[in-house]
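Here's the structure we're looking at; comments come further down.
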Amino acid sequence: MRRPSARRTTALVAAGLLLPALAACGSDGGKDGSAEGGDSSLVIYSGRNEKLVKPILDKLEKAVGSKVEVRYGDSAELAAQILEEGDRTKAGLFFSQDAGALGALSKEGVLAKLPQSSLEEVDAAYRGGKGDWVGLSGRVRVIAYNPDKVAEDDVPDSVQDVVKPEWKDKVGFAPTNASFQAFVTGMRVIEGDDATREWLKGLKANGKTYANNLATLDAVESGEVSLGLVNHYYWYERVAEKGEDKVGAKLHFLPGEDPGALINVAGVGILKDSGQSETAQKAVDYLLSKEAQIYFADRTKEYPLAAGVTSKVEGLPPFESLESPDIDLGKLESLQETLAMLQEVGLV
Amino acid sequence: MNPTAVDTTESAARPAGAPAPAGRRRVPTTRGAPPGSGRRPPLVLLVPACVAALFALLPLGYLAVRALERGPGYAWDVVADERTLQLLSRSLGLTAVVVAACLVLGVSLAWLTVRTALPGARAWSVLATLPLAVPSYVAAFTWLAAAPENAGFAGAALALTLVSFPYVHLPVAAALRGIDPAQEEAARSLGHGPWRTFLRVTLPQLRPAAAGGALLVALYVLSDFGAVSLMRYDTFTRAIHTSYRASFDRTPAAALSVVLVVMTVALVAAEARTRGRAGHARTGAGTARPAAPIPLGRWRIAALAWCATVVAVAVAFPLGTLGYWLAVGSSAIWDLGDLARTAWTTLGVAAAGAALTTLLALPVGVIAARHRGRGVRLLEQAAYAGHALPGITVALSLVFFAVRYAYPLYQQLPLLVCAYAVLFLPVAVAATRAAVLQAPPVLEDVARSLGRSPISVLREVTVPLAAPGVAAGAALTFVVCMKELPATLLLRPTGMDTLATRLWTETGAGSFAAAAPYAAALILLAAIPSYLLGRHRT
Amino acid sequence: MNDLDLRNDLRIERLAKSYGPEATVLEGLDLTVPGGALAALLGPSGCGKTTLLRIVAGFLDADAGTVAVGGRTLVGPGVHLPPERRRIGIVPQEGALFPHLSVARNVAFGLTGLDRGERYYRTEEMLDLVGLAGYGDRMPHELSGGQQQRIALARALAPRPALVLLDEPFNALDSALRAGVRADVRAALRATGATALLVTHDQQEALSTADLVAVVRQGRIAQCDTPQNLYRRPADPWVAGFVGDAVLLPGAVANGGSTATTSLGNVALTNPPDGRSTGTVVLRPEQLRLVDPATAEAVRGKVTDVCFYGHDAKVSVAVRGLGDPVDVRVSGAVSIDPGEETGIRVTGEATFHP
């Protein structure tokens, strides 16, 4: 009834399961429990990609003089995790990809007030209204265009223009991308819900949707679309990798405080119930230090936000020259209505 | 994987008895029913099975807490939205198309490789199992890169079909091997052509196996986030994710998840109906005589082309694309040490996950195979209830419970392993149930009469007999654990990486080429148990 | 080897079981099997014999009634001993050997609580008993059907059960093998002295194998008796027809009850009836003789059919006054053809059923 091969397979599977499982249990001990030691060590929940921030967080460990463990994940999922953990959270510091997730934690009251010295490093526009989070680096929304398809002078100076009939089927954007949604939220704050809804309807009629900013930029480069609504740093990274002449797209920075020129930030907040606030505070100070700020400028091509630090990236317009809309980033956490609107229009 | 036992009805199993005098009342005998049917399962099985079921129901408890934290009115408002209906139809539409496509692929490949004189049938059979090793997000990724215009429904359906049709292929192939060829011969002798014989005799007997596989495919599609998000096709799961992401609000996400659970229960009940009374073990000594392969004649080339096409698009294409990225990518940096460490960790956690899942599934599967009744049905359905939930929801529910009631385990390996068990219990339950059904119940009666307690009957008779099938289930669970991403991200010990999380990190940083080695390693490692599954003969 | 234990009698009293209001299987069944006897449970499909077997073995709960072996109550009010504590061996259809264990380990499966040596000795002893010494290392699928069945018996007998249940154990065997295995099983049971209950629907098997045959009808024992008595003195015409070919004749009692008048003439009765004077007279076909139609006392009839079986033949004869032809068993050569006239004479005694 049973053939030897079945027996052998069973044995193989059993051995295959047992060996690595035992090994996993055996090697598991090294990392355990070390985060429990109160202030001496620090756990960071990072919504920023490991590839981008690991080098600077390694340096941070040396700078604060304590053991630092980093848990990488998606910013929103980590925020949800922190909220589920409640007052027993393991996180001492939350390093978020965008202001929205920080705003959500701030609203739930799980973040600690930062000392004035830290807050003052950064322009009031780029920190939490309750003083419980601070921006570290900024990115600006821009229009990428394909110079073979459209002359620089013809690129719209306002996102309002991309819904005009002349751009039918020529605009690329990523509706599920957090930065895009933050920008729509910004537009709602500035221009009201009705105007934003109309604009989104126009965009839906005119535009092509992509998975993310990179895919949008790809589409601009390939000429699939003429314009793309993206963040600035993707282009600079690509230029750094391939050289500017090999990148088939250029950037247009929008003037006149257009909602399309919204600046969003990555930032940090300290979890008040973690018992790690002392070390976490040191970490915040380090992240606002010149060394860390320059790292963000060079590595991620973002704008450093701490006072007195300027990006040296070639071709990047100075931060002060950006004509961004004046908006409370803390309000960007209220994405729910934006999402409802995007759903209503049928974009997500 | 699933009910593969051949139904030998009572009348077939026993010669016609002495004719009963006319007008005599006929009463059912118990011969055809499993032993103990109508009797409560022994406590040694019932208690661990209930533990497993409660375990699987943890996410539901969490969802109840979260969905109702602002009152049932709020939750109802979330659910009773026009958009919910829209999402429901989109999710069900995708599920229906993928299930139908998987049935076509799975049944056709199983029939060709098991019953026909297809050249290299065994190799094709193994190759048809390998797509299991491809994570849905990798499949979606490679297809998106090759044909971005397919994004949306078509792309999502394609990617999901290509990674999940082995769920149908495996049990159907096993069932085909178990069908007594004498039945098909009888049909042929009664004037049915091969095609009509297949439709009227063979196919109906494959129904339980195909339905079991289809159920797993359906739940997989409902729970999938990777492929649908990459392909930008809006489904329930994607809406749940968006709800976390956009509103940072767990209540609407939980309310939507409850709808998903309701859908799951409906699907599981529908599958249970297709089982009917079929699924009794064959009690005869030895296996059925192997069937003579059906000559393909002039269809041989077409059959070969069909198999080759499926294998090419499902296995060769993603691997080829990864190979291409590896070869040309400028940012491809080979850190072999890191790759090996990550691979070893992945094997370890997946093995632990598969071991725990199989252990928990064992009592549930045995009871589901050997006992009947409402309670037994509920027990089995409980195991499935959370299977269509997105990984993030299951992960958050375990965060919720672990932080409150098992804090020392939180962000430790055992909790991650538990998450795998919650996520994949049905995969192992289905395999165990089918394997136990293959073992004749009369052997357990004999063992009991020889003085063995229920637990030692389980240990000495049921488990050894069902071992190959249970091992196949363990191998399958192992593969799905290796590929798991969302729960691993949230629950892994801080600093631990699996191939799937590395893949996520690298693609998040936007470098496909750097991600390619991890994707390739993941597929190749998962291919080993998949290969064993393909070779496994029930 | 001398396990003869006459105290291991099986007593079943008022056993009842139903699967629902319309599906009563056992309706207060009573059965007693003396210790050491081999009893056959004979009945048509669906009569409840398998249900009875499963209740005795402990795989099924009874609704009411008691089962006791050797005075030890297994099933009764508030008592339901689990199968593993009943000391009852079972031999299922087709043997049901554990396919993953060798023959020796199959036989030794029930030998818990013995040390290694004792277990080995007992296993060898049992293999020897069923005539398969030296087969211990084989796997079940390497044995023929008859060998598997004998191993199944050895396995059931090894732990010295108080009672052995055999569930149609010879069904799967072809008829040539069946008689031999049947005889072997009977010999082995005799040798161990175990009480045994053999479930079958084959009356030949029941009559030839068992010491005692219990005929089950509609969830009750219609008659329980020795094979000889059952055949010669059936309790009613149904039992008569079920345990063998029967010639049923309407008859009227005569001569103060010692004979009955039938269409085949006057027939001597074994059981002088009291009360009613008309009823059914039951004869066996071999009690009828074909004689020259001219013979005195012979009843005349016309041959309608001849069935030849080899060792004997059955001749159907239409007799005036009877609706159906009567069957006459004739041994040896048959020298008569359908359509011919013949005479019939009755020998021996018949039973009378009012």
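Respectively, the protein sequence lines represent chains G, E and P.
All residue numbers for the first sequence refer to our numbering, where the first residue is 1 and numbers rise by one.
All residue numbers for the second sequence refer to our numbering, where the first residue is 1001 and numbers rise by one.
All residue numbers for the third sequence refer to our numbering, where the first residue is 2001 and numbers rise by one.
We treat Cβ as the ideally placed atom computed from N, Cα and C, and that holds for glycine.
query                                                                                                                                                      : result
Neighbourhood of residue 1243 of chain E by C-beta, 6 angstroms cutoff - its chain only, sequence neighbours within 5 removed                              : 1252, 1253
Beta strand (DSSP E) runs wholly inside the segment 115-166 of chain G, at least 3 long, in chain order                                                    : 134-145
Alpha-carbon spacing of residue 1042 of chain E relative to residue 2093 of chain P, whole angstroms                                                       : 25 angstroms
Residue 1447 of chain E beta carbon near the ligand ATP (any heavy atom closer than 8 angstroms)                                                           : With respect to small molecules bound, the structure shown includes none, and the ligand ATP cannot be examined in it.
CB of residue 2119 of chain P within 9 angstroms of CB of residue 1451 of chain E, strictly                                                                : no
Option in P:2236, P:2280, P:2253 with minimal Cα separation from residue 2274 of chain P                                                                   : P:2253
Whether residue 142 of chain G touches residue 235 of chain G by CB criterion (9 angstroms)                                                                : yes
Opposing strand residues paired with residue 2262 of chain P [DSSP bridges]                                                                                : P:2265
Residues near residue 309 of chain G by beta carbon distance below 6 angstroms, same chain, minus five either side                                         : 290, 293
Euclidean distance between Cα positions of residue 2057 of chain P and residue 2210 of chain P                                                             : 20 angstroms
Euclidean distance between Cα positions of residue 1474 of chain E and residue 1467 of chain E                                                             : 10 angstroms
Proximity to residue 1484 of chain E [Cα-Cα], best of E:1433, E:1504, E:1445, E:1344                                                                       : E:1504
Start-to-end residues for the beta strand (DSSP E) that takes in residue 1371 of chain E                                                                   : Note, residue 1371 of chain E: premise wrong, no beta strand (DSSP E); not H, not E.
is_contact[residue 1067 of chain E, chain G] using C-beta, thresh 9 angstroms                                                                              : no
Chain-order list of residues whose beta-carbon lies under 7 angstroms from that of residue 1053 of chain E (same chain, five-residue window excluded)      : 1364, 1379, 1382, 1383
When P:2027, P:2288, P:2143, P:2222 are compared against residue 2247 of chain P, the one with the closest alpha-carbon                                    : P:2288
Contact belief for residue 2327 of chain P with residue 2245 of chain P at Cβ below 8 angstroms, rounded distance in angstroms                             : 6 angstroms
Residue 1427 of chain E, DSSP secondary structure in three states                                                                                          : helix
Contacts around residue 1063 of chain E, its chain only, beta-carbon distance under 6 angstroms, and the 5 residues preceding and following it disregarded : 1254, 1257, 1258
CB-CB length for residue 1126 of chain E against residue 1531 of chain E, believed under 8 angstroms                                                       : 6 angstroms
Residue 353 of chain G at chain E interface by Cβ criterion, 9 angstroms                                                                                   : Absent from the structure is residue 353 of chain G, since the part of chain G shown begins at 1 and ends at 348.
CB contact below 9 angstroms: residue 1443 of chain E versus chain P                                                                                       : yes
Candidates E:1387, E:1523, E:1361, of which the one nearest residue 1471 of chain E by Cα                                                                  : E:1361
Beta-ladder partner(s) of residue 2073 of chain P, from DSSP                                                                                               : P:2068
The segment 2084-2117 of chain P: positions lying closer than 9 angstroms to chain E by Cβ                                                                 : 2084, 2085, 2086, 2087, 2088, 2089, 2090, 2091, 2092, 2093, 2094, 2095, 2096, 2097, 2098, 2099, 2100, 2101, 2109, 2110, 2111, 2112, 2113
Segments assigned alpha helix (DSSP H), at least 4 residues, entirely inside the segment 1202-1246 of chain E                                              : 1203-1223, 1226-1230
Residue 240 of chain G at chain E interface by Cβ criterion, 9 angstroms                                                                                   : no
Any chain G beta carbon closer than 9 angstroms to residue 1490 of chain E                                                                                 : yes
Chain A residues whose Cβ lies nearer than 8 angstroms to that of residue 86 of chain G                                                                    : Here chain A cannot be found, since the structure's protein chains are G, E and P.
Cutoff 7 angstroms; reference residue 2083 of chain P; Cβ partners in own chain excluding five residues on either side                                     : 2057, 2058, 2059
Whole-angstrom distance between residue 1312 of chain E and residue 1163 of chain E, CA atom to CA atom                                                    : 12 angstroms
Exposure label - residue 179 of chain G; buried when at least 16 CB within 10 Å                                                                            : buried
Exposure of residue 1309 of chain E, with buried meaning 16 or more beta-carbon neighbours within 10 Å                                                     : exposed
Residue 95 of chain G - containing beta strand (DSSP E), residue span                                                                                      : 93-96
Cross-strand partners of residue 2351 of chain P (DSSP beta bridge)                                                                                        : P:2282
Closest by C-alpha distance to residue 2048 of chain P, when choosing among P:2283, P:2216, P:2297, P:2190                                                 : P:2216
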